[in-house]
Amino acid sequence: MRDIASCFNEYSINVSDSSCSSSSNLACLSPNLIPSIQNAVTCLYKTKLSTQKQLLIIVTWCKNLMGQGLSINVGDDLSSAFKVNTNSRLFRKKGTRTFKSGNSEIKVFWDLSTAKYEAGPEPINGFYVMVVADSELSLLLGDISEEMATKKFSTGIPVADFSLVSRREHFSGNTLYSTKAQFCHNGAAHDILIRFSGEDEGLKNPALSICIDKRKVIRVKRLQWNFRGNQSIFVDGLLVDMMWDVHDWFYNRASGYAVFMFRTRSGLDSRLWLEEKLMQKEQERVGFSLLIYAYELIANAAYIGTPGKGILAADESTGTIGKRLASINVENVESNRHYQKTSFGKPFVEVLKEGGVLSGIKVDKGTVELPGTNGETITQGLDGLAQRCQHYYAVGARFANGVLCSRLAPTSLLSLLSTRTQMGYAIICQENGLVPIVEPEVLVDGSHDIDRCADVTECILAACYKALNDYHVMLEGTLLKPNMVTPGSEAKKVSPEVVAEYTVRALQPAVPAVVFLSGGQSEEEATLNLNVMNNLKGKKPWTLSFSFGRALQQSTLKAWGGKEENVEKARAAFLKRCKANSEATLGIYKGDAAQGEGVSESLHVKDYK
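Just so you know, we're using my numbering here: the sequence shown kicks off at 247 and counts up by one.
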């Protein structure tokens with residue numbers, strides 16, 4: 247009878263063998279793939295004291311919207327774990343902490359005052375963390391040597407044996423993961439890259455590729471059928487079992503994570519994925535496991551909010567797009583609206599994905615006036631939303647937009663109904679793999695001042711996010727699309743600096759990105775306000791970006807004029823506005839796109855729908 251490994255593959259792959267991949271060393275890299283974001287790393291260390299006592303030390307580095315975090319746990323007593331938020335005002339960048347774990351006395355020494363970070367949660371240099379258990383140095387991380395560490399204690403202390411047993415990494419993403427792993431104690435660190443894409447970068451026939459040190463060692467085709475499996479590879483003379491499970495990417499998007507695991511065989515063990523005790527016998531070699539968890543929903547939200555990126559809102563209704571086309575004398579007929587593929591038959595959503603662009607869709611069915619209110623409106627379209635979202639995801643959409651419009655006197659009835667509507671909309675979208683964009687818009691119509699707009703905006707945002715939080719919507723997997731806080735359309739204008747200060751003050755902290763509406767401002771006015779917001783001093787835990795419709799289209803439409811000979815001119819105008827707004831998200835816009843037809847033209851339309 248064949249063993250478990252041979253049920254999946256006939257031969258193990260030797261990573262050092264140059265023939266293990268017939269592809270180029272760059273085969274796993276592609277500029278078109280959306281990179282994933284590492285947001286947590288948990289390392290499990292095994293320590294053996296001179297008294298033969300053995301301890302497990304768990305070190306977790308994490309990164310969230312509010313900053314970096316570190317926690318250290320010794321043994322199984324989670325209640326006594328040492329936890330810090332390195333961005334907290336109360337946290338000292340250098341210090342010590344003592345606590346009890348079981349019958350052991352634990353002291354933690356740390357210095358993160360000069361720690362340097364890259365994109366992930368772990369510092370790469372300029373730091374140290376020491377754990378002393380029962381007066382023995384039990385763990386040492388960072389730039390300090392054992393000799394220097396022991397000199398910090400006047401009497402000197404013995405150094406226990408410790409080794410890394412497992413490493414677990416959490417990523418937000420479902421396309422491209424890169425990390426490093428050292429499979430044996432004195433071995434070299436190897437670059438690991440996991441790539442998920444369709445054949446030829448398309449959406450169909452998804453495939454999985456694993457590269458180690460730029461060599462493609464595993465290629466899994468027909469991934470929707472082969473969503474679980476394993477393969478054996480040789481690394482540094484060790485037999486390493488690699489397992490993947492991407493079932494939930496296809497069939498359970500509500501949880502939406504995949505697992506990749508690299509595990510060395512310990513001793514002569516040839517069994518796969520069986521439970522083993524971490525405390526092995528002294529003569530056995532300590533194995534190593536690397537686990538990677540990949541989350542799609544959070545990654546897509548974070549990717550949309552990448553500084554320098556924004557959203558082109560081209561989701562107008564038939565009536566609204568008719569007004570745009572009429573302004574350049576183009577007929578509002580289906581043949582002029584219904585372009586979904588290139589001239590070669592390739593869907594636009596695939597073309598956009600190949601260029602690193604995510605596609606979204608408007609999923610509501612418009613707004614209706616709420617009886618008993620002063621013209622307040624509420625979104626409709628929750629009926630059948632789940633089925634629509636499933637279809638939209640299948641054809642390539644990855645985020646969804648819904649609208650809640652409010653005038654300047656929101657009633658308690660509107661607040662109650664609208665927040666419940668937003669909550670239901672967000673949950674249904676997330677359960678079906680789409681990032682919901684929460685859009686509580688306060689319309690600019692009227693002569694109100696900026697203070698009144700700020701009051702209403704803060705009221706609507708607070709009610710909306712309280713409902714989302716109460717119903718356990720994953721806020722890291724949402725985006726906020728509010729209005730900028732400005733005076734009414736009939737009131738006296740204020741400077742961009744005033745708009746920026748009022749707007750940023752009104753925002754909620756627990757979202758990865760805020761993408762603003764232009765709200766009838768001119769193209770240049772919206773860009774200038776966004777630029778000043780990103781230059782505003784103070785703590786801003788989100789990316790401040792844009793989701794502009796009219797403010798990205800007006801000068802382009804003017805340049806095009808509905809004429810074939812003006813297409814290149816229109817493209818240049820569109821790219822110019824995109825570049826200006828991209829620079830505004832970084833706070834580096836210099837006003838060099840202020841010229842051009844339609845750029846400074848007010849885009850306000852009273853009672854706009």
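The C-beta atom is built at its ideal place from N, Cα and C for all residues, glycine as well. Note that the structure is a prediction, hence the values are computed from the model and not measured.
Per DSSP, D629 has no beta bridge partner at all.
The Cβ atoms of L543 and G679 lie closer than 8 Å to each other. Counting C-beta pairs with one atom in each stretch, the region 404-411 and the region 458-467 have fewer than three that are closer than 8 Å, which means they do not touch.
Unbroken alpha helix (DSSP H) runs of no fewer than 4 residues, entirely contained in the region 363-397, are found at 392-397, following chain order. Of the residues assessed, V614 falls on the exposed side of the cut-off, its CB having fewer than 16 other CB atoms within 10 angstroms. By the beta-carbon neighbour count (other beta carbons within 10 angstroms, threshold 16), S347 is buried. Between the alpha carbons of K340 and V740 lies a distance of about 45 Å. Nearest neighbour of R338 by Cα position, chosen from S563, D701, G315, turns out to be G315. Per DSSP, the continuous alpha helix (DSSP H) segment holding C710 begins and ends at 696-716. Contact annotation: W806 and A816 have beta-carbon atoms nearer than 8 Å. Put simply, of A632, G568, V744 the residue whose alpha carbon is nearest the alpha carbon of M730 is V744. In the same chain as K587, and ignoring 5 residues on each side of it, the C-beta atoms closer than 6 Å to its own belong to P593, in chain order. Only residues of its own chain outside the window of five on either side were considered, and among them A752 have a CB closer than 6 Å to the CB of E704, listed in chain order. Exposed is the label assigned to M394, since fewer than 16 other Cβ atoms lie within 10 Å of its Cβ. Per the coordinates, the alpha-carbon of A286 lies some 19 Å from the alpha-carbon of A435. Setting aside the 5 residues that flank it on each side, S350 is surrounded in the same chain by A379, D380, each with a C-beta closer than 6 Å to its C-beta; the list follows chain order. In the displayed model, I352 falls within a strand according to three-state DSSP. For secondary structure counted as the beta strand (DSSP E) over 3 or more consecutive residues, the region 441-489 holds these complete runs in sequence order: 452-458, 461-466, 474-481. I574 sits close to G808, with the two beta carbons spaced by under 8 Å. According to the DSSP secondary-structure assignment, S791 is paired through a beta bridge with V761.
In terms of CA proximity to K836, N775 leads the group R413, N775, K555. The continuous alpha helix (DSSP H) containing S581 extends over residues 580-583.
Q633 and T360 have their C-alpha atoms spaced approximately 51 Å apart. Taking the Cα positions, G483 is about 12 Å away from N432.
Rounded to whole angstroms, L385 and V411 show a C-alpha spacing of 13 Å. Under DSSP, F408 takes part in a beta bridge, and its partners are T293. Assignment of V750 by DSSP, reduced to helix, strand and coil, places it in the helix class. Boundaries around I607 are those of the beta strand (DSSP E), 605-608, since no alpha helix (DSSP H) includes it. Exclusion of the five residues before and after A830 leaves T773, L774, L776, N777, N780, F792 as the residues of its chain whose Cβ lies within less than 8 Å of its Cβ. A Cβ-Cβ distance of about 33 Å is found for the pair G642 and V690, leaving them out of contact under the 8 Å criterion. The continuous alpha helix (DSSP H) containing F820 extends over residues 813-832. Taking 8 Å as the upper bound for CB-CB distance, F645 and I673 are not in contact here, some 15 Å apart. Listed in chain order, the non-local C-beta contacts of D561 below 6 Å within the same chain comprise K608, local neighbours out to five positions each way being set aside. Contact check for F442 and Q284: beta-carbon distance about 16 Å, past the 8 Å limit, so the pair fails to qualify. DSSP, reduced to helix, strand and coil, places T667 within a helical segment of the structure shown.
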